[in-house]
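Yeah, the sequence shown ends on 2417 if you go by my numbering, and it's all consecutive. Reviewing the structure listed below.
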Amino acid sequence: MSDGKRAANAPWIRTRLRTAPGPAVALAVLVLVTAFLAAAFPRAVDAYETKGLRHDIRRADAERSTVEVGRPQPGLELPREQREAAVRTPELERIGGALVKALPAPLRVDTSSVAYGVRTTKPVVATEPWLPRPDTVPPQLSYTAQTGLKEHARLVSGAWPTTPAEVTSASRAVRGTVTEETAAALNMKVGATLELPTAVGDPLKVTITGIVAPRDPRGSYWSADPLVRTPSLIPDPTSRFPQNYWTGTVLLAEDAGPALLSTATEPALFWRLPPDASALTGPDGDRLASVIASLESGPGLLEVRAIAGDTAVLLTGLGHIVEGNARMRDAISPVIAVAALGIGSVAAVVLVMTGALIAARRKAELALMRSRGGSLRGIGGRLLAETSVTVLPASALGLLLAVLAVGEGRWWPAALAAAGVGLLVCVALPLRTTLQHIRPTLHGAREDMVSARPSRRRTVAELTLLVLAVGAVTALRRRGTSGSGTDLLVSGAPVLVALIAALVLVRLYPLPLRLAARPMARLRGAIGFLSLARAGRSSAGGALPLLALLLALATAAFGGSVIAGIGDARDDAALTAVGADARVSGKAERATLPDELVRTVSELDGVRSAAPLRIEFGVTMPETAAGDGGADGSGADDRVTGAGAGAGGGGTAGARATTMVGVDPASYTRLARATGLPVFPDGLLKATGPSAPLPEGVASGPERVLPVIASPAVAARLGKEAHAVDTLSGNFKIRVVGTVERMASLASTNFLIVNSASLEQRAPTTLLLTGAPDPEKLRAAAAGKGEEFVVQLRSEERARYVNTPMQAGAERIYLAAVAAGAGYALLAVLLSLLQTAPERRTLLARLRTMGLTTGQGRRLLAFEATPQALLAAGGGLFTGWATIVLLSPGIDLVPLALAGVAGSDTSPVTLRADLWSLALPAAGVVALAAAVAGVQAWWASRRGSITELRAGDSR
């Protein structure tokens, strides 16, 4: 076996692949799948980050995302001709084109939606008598002359505004147009005229020549300044009384900008540059944030001013959008890193186990080669070449499939991941195999785990790993898991915990076997004793298979708990928003529901129960109660949650106001039980004695004392004393008789629950329903009463929490992680049992010659596999639980579950251990071990003893 004879390599490899194609194909398939997963992961992360960044920019209001460069009108010290030339279209387009080219990468401009022009920055009071005045206040209008009107609008009536002659600052007549919405709101028609005061001389007359409709109303051309598209009715900030007035924008002809220079409206030049997100990628987010910061107040702004003028400024909300995307990315990344590192570790261990299985099957062959003079270098080189022939093409094919499956992402992280998988297998298999044959060995004695003692080197290595892992977990526990970005120590928590558990359990594993073997030896049957002896002797219970199982189970449990936590958070947020399965309420805050509507809706098919509520916001608390200082200040009411929160309750608006809810105790407690909300004994709010219902037409007196259920914050302020309150439902005193943490349909922590029968005004404002009523029938019943009522469904509210691309991508990765973890766990069980399958078959063949029946053989193998399976299942439960407990303080599921939904409850959602995610994978391991043992026994029973037992066989 000379190392220099390279010609012998090809026949050796070809001969080996021809004689044993099964193991080579199996190894290639495993490497293919692992390389595909390894290469697909970074591309999937890049893909969802890219889609998330583009989604956030595209879905943001154009008013925020557009980059706008502006500067004041040319200085009055300049000649008139120079001032007019600076605001004409050619000069504006020249500067705009230069700005588009000057923006640094990765910021790119959507050139189809750019707009340049001149606009008034000071609104003009329009005194025309035909304009609407809602509260006797005349409207205030703005005027703009911008490019691209014909490309972004269609003419509805009239004609396009034009400039028959060259417009100058001395011109006193120009033409303009308005949108359909502006014309409808302000009573504008074709031919109408408006006047703008000028600094000198006659006013500037604007004639409306046409009405236009936007081609893309949500595009940046019309939405960067919403008043260009839609007028707005706003309150007058200078008035002492609540008065509103209209404000809108008139679009002048494109070249009419010079006419605005003579007005007192403080005209300004602008260049609106909407971003083009189609070329952005996820990794561009940090660079984009840096570029925007530079353009706003850095070297980039100097370059902008060199093009647009020394007084130019750049304004945009794009930086805040990118920062929000980065915050979500940083919140999701640690959670994804846990799955990636866990599954990656499991895959690495399974690949090493596969190499160990191949080495065990070829141990006799390689021992013979070594005893006949084969060098370790020669044997290792042949194994490396043999392995590379199948592994490297499989890794390349896995990379190709990952690139095809995930079409958007960087290629080099995927290439490195796939290459790492191939390198691990190519190095691990020859290295592990050759290290076993450093010295030529003959057939040795059996290695019995119960009696054999591990070597000192192994003991030192295991103790070193154990100390390092325990130290890392201790440091992680003391430091905490909160923080931004990805931390390898946090992400490696499942690996650390699984390593500790595997090392400890493997050392403790012989003790129960030794204790159980003694009483089993005294029994008459041999099955129990033989199964324990085999379980202790089998290498299937080693540290490597156990580590793989613990890692897979811990990662699967963590991923399952994350997915379950996301679903629970969304369900809880939907319940908080609606209050039940369905809700009917008035559009106005104080609108009440007619009795006929309540009866009609309650009798609809699918409605199991109905609970009418009378909700009154802003109930003033007594001054003495408001100043007790025992409140936590956690929110004023449902409309402005958290407003005025303070440490002490006194002196804040939140301490002086609360929400009062009148309920029917019996129907509300039924609804609370059905929806999982906190319940209270309905007898606490009995309408008897002083709180008995009042006769019709009798006013409530302040001497009446009503029992109330309060939130803990309100109960702490009120104490046990009776306090007088003035409400729209009557004036009375209240006394707290109990507390509940939550109230249906309220997100506030400040509320009072009272029996509605005790109120002077009892008409409900909200009706909560449980069940599954038909949405169309429910809305038809609510709409058929002549008034406008709002119908909310919990299912529709739950559907609002649709995943953004980043959330959806992260959730898909976790689903894949759970599936991959389960697959690798099953594969680890199969590999550990296949490693000792020949010994099992031989054992059964020998025992059958001694009278062992088929049923006894099945029980023997099942009992033999049970200790290892139970060890792995119990260790997996502990590892998964410990991982979740260790990481939960620093993981908030809000970015994954609720981020991006307006009005959703964004209070922290902590990670909790999900029982099914812990138990199902562990039970699957036990079931699979039993199934494999049964199949092995069945297969062995079909083969004769002569086939298994041959003369000279050393097994």
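Note that CB positions come from ideal geometry on N, CA and C, so glycine has one too.
#### Entry: Alpha-carbon to alpha-carbon, residue 2296 and residue 2290
10 Å
### Query
residue 1890: buried (16+ other C-beta within 10 angstroms of its C-beta) or exposed?
buried
### Message
Just to confirm the assignment, what range does the beta strand (DSSP E) spanning residue 1756 have?
### Response
Residue 1756 -> not in any beta strand (DSSP E); alpha helix (DSSP H) instead, spanning 1746-1759.
### Task
Write down the C-beta distance between residue 2398 and residue 1989 rounded to the nearest angstrom, noting that I regard them as a contact closer than 8 Å.
Not a contact, Cβ separation roughly 16 Å.
### Query
Measuring CB to CB, does residue 2235 end up less than 8 Å from residue 2066?
yes
### Query
Relative to the ligand FAD, is the shortest distance from any of its heavy atoms to the C-beta of residue 2271 smaller than 7 Å?
This structure lacks the ligand FAD, and indeed carries no ligand of any kind.
### Task
State the start and end residues of the unbroken beta strand (DSSP E) segment that holds residue 2188.
2185-2189
### Task
Give every residue of the same chain whose Cβ lies closer than 7 Å to the Cβ of residue 1842, excluding the five residues on either side of it in the sequence, and list them in chain order.
1892, 1896
### Task
For residue 1906, I'd like the list of residues in its chain whose CB is within less than 6 Å of its CB, leaving aside the five on either flank, ordered along the chain.
At residue 1906 the pLDDT is 49, less than 50, meaning the model places this residue with poor confidence; the figure from the coordinates comes in the next sentence. Excluding positions up to five away in sequence, the list is empty.
### Query
Can residue 2133 and residue 2228 be called in contact, C-beta distance under 8 Å?
no
### Message
Please report the straight-line C-alpha distance between residue 1498 and residue 1859, rounded to a whole angstrom.
### Response
8 Å
### Task
Taking all protein chains shown into account, decide if residue 1444 is buried (16 or more other Cβ within 10 angstroms of its Cβ) or exposed.
The chain is shown from 1463 up to 2417; residue 1444 falls before or after that span and cannot be answered.
### Task
Taking residue 2193 as part of the beta strand (DSSP E), name the residues at either end of that continuous run.
2192-2201
### Query
In or out: residue 2095 buried (at least 16 other Cβ within 10 Å) or exposed?
Caution applies to residue 2095, whose pLDDT of 38 falls short of 50 and renders its modelled position unreliable; the value that the coordinates give is listed next. Residue 2095 comes out buried.
### Query
So, residue 1956 versus residue 1815, is the Cβ gap smaller than 8 Å?
no
### Task
Assign residue 2038 to buried or exposed, taking buried as 16 or more other Cβ atoms, counted over all protein chains shown, within 10 Å of its Cβ.
buried
### Task
To the nearest angstrom, report how far apart residue 2336 and residue 1963 are at their CA atoms.
10 Å
### Query
Which full runs of the alpha helix (DSSP H) of 4+ residues lie inside the segment 1788-1867, going along the chain?
1825-1833, 1838-1867
### Query
Is the beta carbon of residue 1623 less than 8 Å from the beta carbon of residue 1672?
yes
### Query
Using 8 Å as the threshold, is the segment 1515-1528 in touch with the segment 1549-1556, meaning 3 or more CB pairs across them?
no
### Query
Can the beta-carbon of residue 1780 be found closer than 8 Å to that of residue 1754?
yes
### Message
If contacts are defined as beta-carbon pairs under 8 Å, then residue 1683 and residue 1604 qualify, I think. What distance do you get, rounded to the angstrom?
### Response
Incorrect: roughly 16 Å between the Cβ atoms, too far for contact.
### Complete beta strand (DSSP E) runs within the segment 2298-2386 (minimum length 3 residues, chain order)
none
### Message
Which of the three DSSP states is assigned to residue 1592 in this structure?
### Response
coil
### Query
Is the beta carbon of residue 2422 less than 8 Å from the beta carbon of residue 1798?
Since the first residue shown for the chain is 1463 and the last is 2417, residue 2422 is missing from the structure and cannot be characterised.
### Task
Note the first and the last residue of the continuous alpha helix (DSSP H) segment covering residue 2268.
2267-2296
### Query
For residue 1606, which residues of its own chain have a beta-carbon under 8 Å away from its beta-carbon, when the five flanking residues on both sides are left out?
1579, 1580, 1581, 1582, 1687, 1690, 1711, 1712, 1713, 1714
### Task
Use the C-beta contact count for residue 1650: other C-beta atoms within 10 angstroms, 16 or more gives buried, fewer gives exposed.
buried
### Task
Can you have a look at residue 2325 and say buried or exposed, based on whether 16 or more other CB atoms are within 10 angstroms of its CB?
buried
### Message
By DSSP's criteria, residue 1667 is part of a beta bridge. Which residues make up the other side?
### Response
1635, 1657
#### Entry: Cβ neighbour criterion (16 or more within 10 Å) applied to residue 2020
buried
### Message
Out of 2357, 2314, 1718, 1973, which one is the CA nearest neighbour of residue 1791?
### Response
2357
### Message
According to DSSP, residue 1602 sits in a beta bridge with which residue or residues?
### Response
1587, 1709
### Query
For the beta strand (DSSP E) that residue 1729 lies in, which residues bound it at each end?
1729-1735
### Query
For residue 2292, which option in 2394, 2143, 1675, 1595 has the closest C-alpha, if you only look at C-alpha atoms?
2394
### Message
Taking DSSP's pairing of strands, which residues face residue 1578 in a bridge?
### Response
1733
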